[in-house]
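Notes follow once the structure below has been shown.
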Amino acid sequence: MDMTATLDLPGLLAAVAGGDRAALRAVYERQSARLFGVANAILRDRDIAADALQDAFLRVSRRAGQFDPARGSAEAWLAAIVRHAALDILRARGREMPTDDPMLGDEAEAAEAEARLISTVEGRRLRACLALLETRSRAGIVLAFVHGLSHPQIAEHLGTPLGTVKSWIRRGLLALRECLS
């Protein structure tokens, strides 16, 4: 019988820290779909998100010993590693110099600059609207949409009943929609 099948995620990360490749494979099998969603939400390109996920799992294999269950859930720790890997790719892509040659898939710099300006203005509006939310609703929304946690994972993380968490998130999303419209 495979010993990794009986371990929970923190136990698997401890085994990964000890060099157990089967444990790393088990973490990947259990978490890769959710973590790919986190990377894809940030990068908005499936191929690049797959690269970010691969880079993140390389980081997990090297840094598993840094996971501390007293500081948070294993799911959130993994999501943070994926998020950082995706953001590193975004930063690296931001330093690329486009040629404005459509044959190479590049767009004119002016269009990119306008898109960045729009996203910055929208980002400020979103941050302002998030600041107006109740702390509980804001926390639930951030855990769901930034850290990629499911409603049951958020409920566990916050030590709150699942129905309550769903209500907080729903009310928060309705308030965000109203604020942003």
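Take 1 as the starting number for the sequence shown in the UniProt record's numbering and just add one per residue.
Yeah, the Cβ is synthetic: ideal placement off N, Cα and C, and Gly gets one too.
Here the structure is a predicted model, which means the values were calculated and not measured.
- Our two residues, Pro-10 and Asp-51, have alpha carbons roughly 24 Å apart in a direct line.
- At the C-beta level, Val-16 and Ala-23 come within 7 Å of one another.
- Runs of alpha helix (DSSP H) with 4 or more residues, each lying fully within the region 127 to 155, are found at 135 to 145, listed in chain order.
- The region 37 to 55 and the region 84 to 91 touch, with no fewer than 3 CB-CB distances between them shorter than 8 Å.
- When the alpha-carbon of Ala-26 is set against those of Phe-57, Asp-45, Ala-85, Gln-66, the nearest one is in Phe-57.
- The C-beta distance from Ala-41 to Arg-59 rounds to 19 Å, too long to meet the 8 Å contact threshold.
- Non-local C-beta neighbours of Arg-125 in its own chain, meaning closer than 7 Å and more than five positions away in sequence, comprise Leu-180, ordered along the chain.
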